[in-house]
Structure formats: structure tokens, C-alpha cells
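Peer 1:
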Amino acid sequence: MKKYSILIAGGGSTYTPGIVMMLLDNLERFPIRSIRLYDNDEKRQEIIGRALAITIKEVAPSISFSYTIDPETAFTDVDFCMAHIRSGKYEMREKDEKIPLKYGVVGQETCGPGGIAYGMRSIGDMLELIDFMEKYSPNCWMLNYSNPASIVAEACRVLRPNSKVLNICDMPVGTLRRMAYIVNREPKDLEVKYFGLNHFGWWTSVKDKDGTDLMEELLAYISENGYLTQKAVETQHMDASWQETHKKAKDILATDPAYLPNTYLKYYLYPDYVVKHSNPNYTRANEVMAGREKHVFDAAKAIIEAGTAKSGEFDIDNHALFIVDLARAIAYNTHERMLCIVENKGAISNFDPYAMVEVPCIVGSNGPEPLVQGEIPLFEKGLMEQQVAVEKLVVQAWIEKSYQKLWQALILSKTVPSASVAKQILDDLIEANKDYWPELN
Ligand code: NAD
Ligand code: G6P
Ligand code: MN
Numbered sequence: 285m286k287k288y289s290i291l292i293a294g295g296g297s298t299y300t301p302g303i304v305m306m307l308l309d310n311l312e313r314f315p316i317r318s319i320r321l322y323d324n325d326e327k328r329q330e331i332i333g334r335a336l337a338i339t340i341k342e343v344a345p346s347i348s349f350s351y352t353i354d355p356e357t358a359f360t361d362v363d364f365c366m367a368h369i370r371s372g373k374y375e376m377r378e379k380d381e382k383i384p385l386k387y388g389v390v391g392q393e394t395c396g397p398g399g400i401a402y403g404m405r406s407i408g409d410m411l412e413l414i415d416f417m418e419k420y421s422p423n424c425w426m427l428n429y430s431n432p433a434s435i436v437a438e439a440c441r442v443l444r445p446n447s448k449v450l451n452i453c454d455m456p457v458g459t460l461r462r463m464a465y466i467v468n469r470e471p472k473d474l475e476v477k478y479f480g481l482n483h484f485g486w487w488t489s490v491k492d493k494d495g496t497d498l499m500e501e502l503l504a505y506i507s508e509n510g511y512l513t514q515k516a517v518e519t520q521h522m523d524a525s526w527q528e529t530h531k532k533a534k535d536i537l538a539t540d541p542a543y544l545p546n547t548y549l550k551y552y553l554y555p556d557y558v559v560k561h562s563n564p565n566y567t568r569a570n571e572v573m574a575g576r577e578k579h580v581f582d583a584a585k586a587i588i589e590a591g592t593a594k595s596g597e598f599d600i601d602n603h604a605l606f607i608v609d610l611a612r613a614i615a616y617n618t619h620e621r622m623l624c625i626v627e628n629k630g631a632i633s634n635f636d637p638y639a640m641v642e643v644p645c646i647v648g649s650n651g652p653e654p655l656v657q658g659e660i661p662l663f664e665k666g667l668m669e670q671q672v673a674v675e676k677l678v679v680q681a682w683i684e685k686s687y688q689k690l691w692q693a694l695i696l697s698k699t700v701p702s703a704s705v706a707k708q709i710l711d712d713l714i715e716a717n718k719d720y721w722p723e724l725n
């Protein structure tokens, strides 16, 4: 079997150790010759890099491992770039969340004004990564987790239409793990139909490999409990605020009892509830800094101090399975069925063919081939049309440096109550993002 060379862009990410541990755990089905990390924050990446150097040397000494902030060194001779950068880091995520909340509007990493602000930061950084990849490893595939994935994907569609970039999300995979537990199956045994945008979609069918329809059983459970499960079936999405989100799926389901919703719909369908349950002085960014970030960096420091990773400080993360499976599907042309963010082109037959949608795809060496999901109902279509317009307007605003279009994007977001509130939030966001956004006309 050919051995692959992997680059992780955003090497200092809290998810990097979980992905590397997953890669090390899968070497028999996905052999690797080289793992490299790339980041633009040398100090942050170094902590993760030093700890992983110790780990890899102990587990798989034949793998060449390095970390760098030099793009040429990073991107040369790479087969797969797994990207998960956070433009502006947690410092800016905190502002994305707190500024809208000041005006009584949802403050969220990828939804509403916060997601729009993050999108305006991510577009340029992601294009830079893609250009490095194409310059130094033209045959490389980029598998991108960097958020907001919907806006990044739309930017790729418009600005890098021929690039080998595949945008993905772990939320449907995580929720499917919960569904599998609920119906007493393995996640790999479930076959689904799904349509939507990223962080904005619905399952229309869940069956097992024998064709047994599991929708009725799932709808019954989720209409009572949401996606809350008795047992911990994920390694991520476990904090109290996430449990609350899994539970809230019950109320999202009530808005259309036929389809199983993505948990992110809560920000669009119940924004008043979300705001009421948010602490404007302590948001998810604060939780993550005190939780996951501290945990991962403490683990790395413990490994460095001990000079060994034998105590098992780094965990394999569920989150990583999807990206490893995806790389494998492309590498070995497995034609596995996976949800990806792709240009619609008729997959949702009564929806904009030029929208980036999230649908099941068959993934092989040519990338993802979307599977037709057919027509969708008016309720979901209406919501999606509004949201996709937001995403397109953000990309247009970034390209044209247009204040007007960015304001329109905020106005159109279902999370924002009026044009005047949209303007106040936008003006604050411009000030907060002046080191990151293009200057708007
Ligand atoms: P993090 O801040 O811990 O890590 C991000 C890293 O990216 C940091 O080390 C930062 O220095 C680096 N970075 C920022 N800009 C960069 C640039 N221009 N070039 C190179 N490196 C850069 O963040 P995290 O919480 O670990 O999340 C990482 C990313 O993964 C975020 O975008 C997050 O939203 C995303 N994510 C997406 C999914 C999904 O479903 N698509 C799931 C989980 C995480
Ligand atoms: C899910 C989503 C990601 C998002 C993450 C946030 O996994 O699919 O797109 O980045 O949640 O999680 P956090 O723990 O950082 O709030
Ligand atoms: Mn996601």
C-alpha cells in the first residue's frame, strides 16, 4: 500500500493531537510516511509539535514528523492537507459571540453576525492556504474543517472553483453516532438521506444496511429527548452547554415533525431562547478556553516535561474519524457514502444549483459525487434560501469590499431582528475586526 504524506494546517489547534492519534491508530488501513504541522503562530504550535514529536517517535518511529511556520517547507510533497485554522483565534471568537449579545442577538461561532464576522476573517486565510498548496503540491487534496465552513465553501466555489478542496463538518457525524446508539446499531451501519446547508440541514431518511427504516423509532425518541443519550457516545460535544443543545433538538423537530434536524437550527428557530440562556460575559469561547484548550495544552506540556507520552495524555478524538475516512476514500477510491459540502448542481432539485449545500456524496479518487435528494418542502426551502443568501452576500461583500452587502447579509440573517440592529452590530464588528477584514467602502 502506498504511504501518504499529511499536512495539518492549524497545527496548534486543539484538535491536532486528536487527529494525529487517530492517524496513528489507523496506520494499517491508511499508511503514512510523513506528518507535518503548519501554523502561523509559532509559539502555540510548538507546544503541540514538541509533544507530538515525542508521541510519534514512541508509537511509529518510521513516520517523519516536523512542524513549521514556513509555507514552502510545510506544503512541499504533501498528499493531503487537513486544514482546521481559526482566523483570529479564540480572542476573536469571543468578540464574535459577545458583540451581538450586547444587542440581544445570538452570539455564536458560525451562526448569525458572529459567523459572518468569522467568515470575513477566514476567506482570505483559506485562499492563502489553497494557493500555498497548489504552488508547492499541485496534486494535493485539502480536506477542510476550518469554519465557518459554509462561507469558506462559497468562497471556494466563487474564487477557487477548480481547486481540490473539500469542505466538511463533523456535526452530522456526531449526531449520527447518537442516532446509532438510540436504535442500537453501529454508526457505520446507518445509511442516510440528508439535505441542507452547513449547520442548517435535515435527515429525511435513516435506514440500516438491510434497508430497515429507522425513522419512526428515531422520531419517537427525539421528539421526547432530543439527541440526548443515556451513555456518552461521543468524545466531543459533551459539555453541559452541548447537552442542552442536543436536548433542544426536540423543539426543532416540533417545527417539522417529519425530518430529523441538525442541532444548529436552534440558533435560527429559537434565537430568543438562545439569547435568554446566554451569559453575555461568559460565552462558549470562554468555556472552550477553560476546557478543551486548557486540557489539550496541559496534556502537551505534561508529555514534554515527562519526555514520554506513555501515560496516554493525548486522546483519540471521534471528531478525527471522519477526516481520516475521507482521506482514505480519496486515496483508495473507496466510493464511501459521506456528507460533504458541495455545489448543489441539482442534487436538491428545487434549490439554487449554484449554492453550496450539504448532501450525501459518494467519495472516491475524483472527490465527492453528490447524490440526488430530490425536491424539498417549502418550509425548509424558504429557510435555506434566506440563509444561503446571507452566505453569498458575505462572500460578495468580501470580494467587493462592500459595506452595503455586508449590512444586507446581517439584515437577512434570521437571527437579527432589524436593519438598525444589524447596522449597530456591524459597526461594532468592523471596529473589532479592523486587523482582519478588508477595509469596506
Ligand atoms: P484553535 O484556535 O485551537 O486552533 C486553530 C489554529 O489555527 C491556531 O493554532 C491558530 O494559530 C491557527 N491559525 C489561525 N490562522 C491561521 C493561518 N492563517 N494560517 C495558519 N494557521 C492559522 O481552534 P480549534 O478550536 O481547535 O478549531 C480549529 C478550527 O476547526 C476552527 O475553525 C473550528 O471552527 C474548526 N472546526 C470545524 C469543525 C467542523 O465541523 N467543520 C469541527 C471542529 C472544529
Ligand atoms: C461542532 C461543529 C463545528 C464547530 C464545533 C464547535 O463540532 O460541527 O463546526 O466548530 O462544534 O465546538 P466548540 O466545542 O468549539 O464550541
Ligand atoms: Mn461544523
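Add 284 to a position in the sequence shown, counting from 1, and you land on the number used in our numbering.
All residues carry an ideal CB built from backbone N, CA and C; glycine is no exception.
Here the structure is a predicted model, which is why all the values come from computation and not from measurement.
Where the beta carbon is closer than 6 Å to any heavy atom of the ligand MN, which residues qualify, in chain order?
Peer 2: Cβ atoms closer than 6 Å to the ligand MN belong to Ala433, Cys453, Asp454, Met455 and His483.
Peer 1: Whose CA, out of Val389, Thr567, Arg568 and Ser489, lies closest to the CA of Ala542?
Peer 2: In the sequence shown, counting from the first residue as 1, residue 542 sits at position 258. Ranking the options by Cα distance to Ala542, first place goes to Ser489.
Peer 1: Just list the beta strand (DSSP E) runs in the segment 618-659, keeping only unbroken ones of 3 residues or longer that don't cross its boundaries, in chain order.
Peer 2: Runs found: 620-627, 640-648 and 651-654.
Peer 1: Check whether the Cβ atoms of Leu291 and Phe359 lie closer than 8 Å to each other.
Peer 2: As a working mapping, residue 291 is identified with position 7 in the sequence shown. As a working mapping, residue 359 is identified with position 75 in the sequence shown. Yes; because the gap between Cβ atoms is below 8 Å, this pair is in contact.
Peer 1: So the alpha helix (DSSP H) Glu675 belongs to, where does it begin and stop?
Peer 2: Stepping through the sequence shown from its first residue, residue 675 is reached at position 391. First-last of the alpha helix (DSSP H) with Glu675: Leu662 to Glu684.
Peer 1: According to DSSP, what are the bridge partners of Ala293?
Peer 2: As a working note, residue 293 is residue 9 in the sequence shown. Note: Ala293 sits in a beta bridge opposite Tyr322 and Ala367.
Peer 1: When you measure from the CB of His368 to every non-hydrogen atom of the ligand NAD, does any distance come out below 7 Å?
Peer 2: Here residue 368 refers to the residue found at position 84 of the sequence shown. Yes; taking the cut-off as 7 Å, the Cβ of His368 has a heavy atom of the ligand NAD nearer than that.
Peer 1: With a 10 Å radius around its C-beta and 16 neighbouring C-beta atoms as the bar for buried, classify Asp380 as buried or exposed.
Peer 2: What you label residue 380 is simply residue 96 of the sequence shown in a count that begins at 1. Looking at its Cβ environment, which holds 16 or more other Cβ atoms inside 10 Å, Asp380 is buried.
Peer 1: Less than 8 Å between C-beta atoms, sequence neighbours within five positions excluded: which residues of the same chain meet that for Glu734?
Peer 2: This structure does not reach residue 734, given that the chain is present from 285 up to 725, and the question cannot be answered.
Peer 1: Determine contact between the segment 670-687 and the segment 397-405, defined as no fewer than three beta-carbon pairs at a distance below 8 Å.
Peer 2: A contact exists between the segment 670-687 and the segment 397-405.
Peer 1: Looking at the ligand G6P, does it come within less than 7 Å of Glu393, judged from the CB to the closest heavy atom?
Peer 2: Taking the first residue of the sequence shown as position 1, residue 393 is located at position 109. At least one heavy atom of the ligand G6P is nearer than 7 Å to the Cβ of Glu393, so yes.
Peer 1: DSSP puts Leu544 in a beta bridge; with which residues?
Peer 2: As a position in the sequence shown, residue 544 is number 260, starting the count at 1. The partner list for Leu544 (beta bridge, DSSP) reads Trp487.
Peer 1: List the endpoints of the continuous alpha helix (DSSP H) containing Phe349.
Peer 2: Along the sequence shown, read from residue 1 onward, the residue named residue 349 stands at position 65. Careful: Phe349 lies outside any alpha helix (DSSP H), inside the beta strand (DSSP E) at Ser348 to Thr352.
Peer 1: Any heavy atom of the ligand NAD closer than 7 Å to the beta-carbon of His603?
Peer 2: Residue numbering aside, residue 603 sits at position 319 when the sequence shown is read from its first letter. Under cutoff, so the answer is yes.
Peer 1: Please name the residue, chosen from His521, Phe314, Ile714 and Thr513, that lies closest to Lys534 on a Cα-to-Cα basis.
Peer 2: Residue numbering aside, residue 534 sits at position 250 when the sequence shown is read from its first letter. Among His521, Phe314, Ile714 and Thr513, the Cα nearest to that of Lys534 belongs to Thr513.
Peer 1: Tell me which residue opens and which closes the alpha helix (DSSP H) that Asn509 is part of.
Peer 2: Translated into the one-based positions of the sequence shown, residue 509 becomes position 225. Segment Met499 to Asn509, the alpha helix (DSSP H) holding Asn509.
Peer 1: Alpha helix (DSSP H) containing Leu713: first to last residue?
Peer 2: By one-based count along the sequence shown, residue 713 stands at place 429. Here the alpha helix (DSSP H) through Leu713 covers Ala703 to Ala716.
Peer 1: Taking all protein chains shown into account, do 16 or more other C-beta atoms lie within 10 angstroms of the C-beta of Phe663, making it buried, or fewer, making it exposed?
Peer 2: If you number the sequence shown from 1, residue 663 lands on position 379. It counts as exposed.
Peer 1: Are the segment 646-656 and the segment 411-423 in contact at 8 Å, needing three or more beta carbon pairs?
Peer 2: At 8 Å Cβ cutoff, the stretches do not touch.
Peer 1: Buried or exposed for Lys341, going by 16 or more other Cβ atoms inside 10 Å?
Peer 2: Within the sequence shown, residue 341 is the residue found at index 57, counting from 1. Exposed, because fewer than 16 other Cβ atoms sit within 10 Å of the Cβ of Lys341.
Peer 1: Candidates Lys531, Cys645, Glu470 and Asn563: which alpha carbon is nearest Tyr511's?
Peer 2: By one-based count along the sequence shown, residue 511 stands at place 227. Nearest option by C-alpha distance: Lys531.
Peer 1: Let me check understanding here. Comparing Cα to Cα, which of Tyr548, Cys395 and Asp582 lies closest to Ile435?
Peer 2: Taking the sequence shown and counting its residues from 1, the one referred to as residue 435 is at position 151. Nearest C-alpha to Ile435: Cys395.
Peer 1: Determine the extent of the beta strand (DSSP E) in which Tyr478 is found, giving its start and end residues.
Peer 2: Residue 478 sits at position 194 when you count from the first residue of the sequence shown. Its beta strand (DSSP E) spans residues Leu474 to Leu481.
Peer 1: Answer yes if the segment 542-553 comes into contact with the segment 369-389, meaning at least three C-beta pairs across the two stretches below 8 Å, and no otherwise.
Peer 2: No, because fewer than three Cβ pairs between the segment 369-389 and the segment 542-553 fall closer than 8 Å, the two stretches do not touch.
Peer 1: Hey, out of Ala504, Val389 and Glu393, whose CA is closest to Asp708's CA?
Peer 2: Looking up residue 708 in the sequence shown gives position 424. The sequence shown places Gln at residue 708, not Asp. The shortest C-alpha separation from Gln708 is found at Val389.
Peer 1: Hey, Asn634 and Glu659 are a contact pair by Cβ (cut 8 Å); roughly how many whole angstroms apart?
Peer 2: Along the sequence shown, read from residue 1 onward, the residue named residue 634 stands at position 350. Along the sequence shown, read from residue 1 onward, the residue named residue 659 stands at position 375. Indeed, because the Cβ distance is near 5 Å, the residues count as touching under 8 Å.
Peer 1: Rounded to whole angstroms, what's the CA-CA distance from Gly630 to Gln657? Just pull it up for me.
Peer 2: Taking the sequence shown and counting its residues from 1, the one referred to as residue 630 is at position 346. Taking the sequence shown and counting its residues from 1, the one referred to as residue 657 is at position 373. When rounded, the distance between both Cα atoms is 9 Å.
Peer 1: For Asn509, which option in Gln527, Thr519 and Leu311 has the closest C-alpha, if you only look at C-alpha atoms?
Peer 2: Translated into positions along the sequence shown, residue 509 becomes position 225. Comparing Cα positions, the closest option is Gln527.
Peer 1: Rounded to the nearest angstrom, how far is the Cβ of Cys440 from that of His483, given a contact under 8 Å?
Peer 2: Your numbering for residue 440 matches position 156 in the sequence shown. Your numbering for residue 483 matches position 199 in the sequence shown. That pair is no contact at about 17 Å.
Peer 1: Please identify the residue among Leu460, Ser702, Lys477 and Val641 whose C-alpha is closest to the C-alpha of Lys676.
Peer 2: Walking along the sequence shown from the start, residue 676 turns up at place 392. The candidate whose alpha carbon is nearest that of Lys676 is Val641.
Peer 1: Hey, Ile316 and Tyr351: beta-carbon distance below 8 Å or not?
Peer 2: Counting from one through the sequence shown, the residue named residue 316 turns up at place 32. Counting from one through the sequence shown, the residue named residue 351 turns up at place 67. It is not a contact, given that the beta carbons lie outside the stated cut-off.
Peer 1: Identify which residue in Asn617, Leu307 and Lys327 has its Cα closest to the Cα of Met366.
Peer 2: The residue labelled residue 366 in the question sits at position 82 within the sequence shown. Measuring from the Cα of Met366, the nearest candidate turns out to be Leu307.
Peer 1: Going by the C-beta, is His521 closer than 7 Å to any heavy atom of the ligand G6P?
Peer 2: Along the sequence shown, read from residue 1 onward, the residue named residue 521 stands at position 237. Checking every heavy atom of the ligand G6P against the Cβ of His521, one is found closer than 7 Å.
Peer 1: Inspect the CB distances between the segment 298-307 and the segment 604-612 and report whether three or more fall short of 8 Å.
Peer 2: The segment 298-307, when compared against the segment 604-612, does touch it at the 8 Å Cβ threshold.
Peer 1: When the Cα atoms are used, what is the spatial distance from Leu690 to Asp556?
Peer 2: Here residue 690 refers to the residue found at position 406 of the sequence shown. Here residue 556 refers to the residue found at position 272 of the sequence shown. Computed Cα separation, rounded: 23 Å.
Peer 1: At a cut-off of 7 Å, is Asn725 close to the ligand MG when judged by its beta-carbon and the heavy atoms of the ligand?
Peer 2: The ligand MG is absent from the structure shown, which contains only the ligand NAD, the ligand G6P and the ligand MN.
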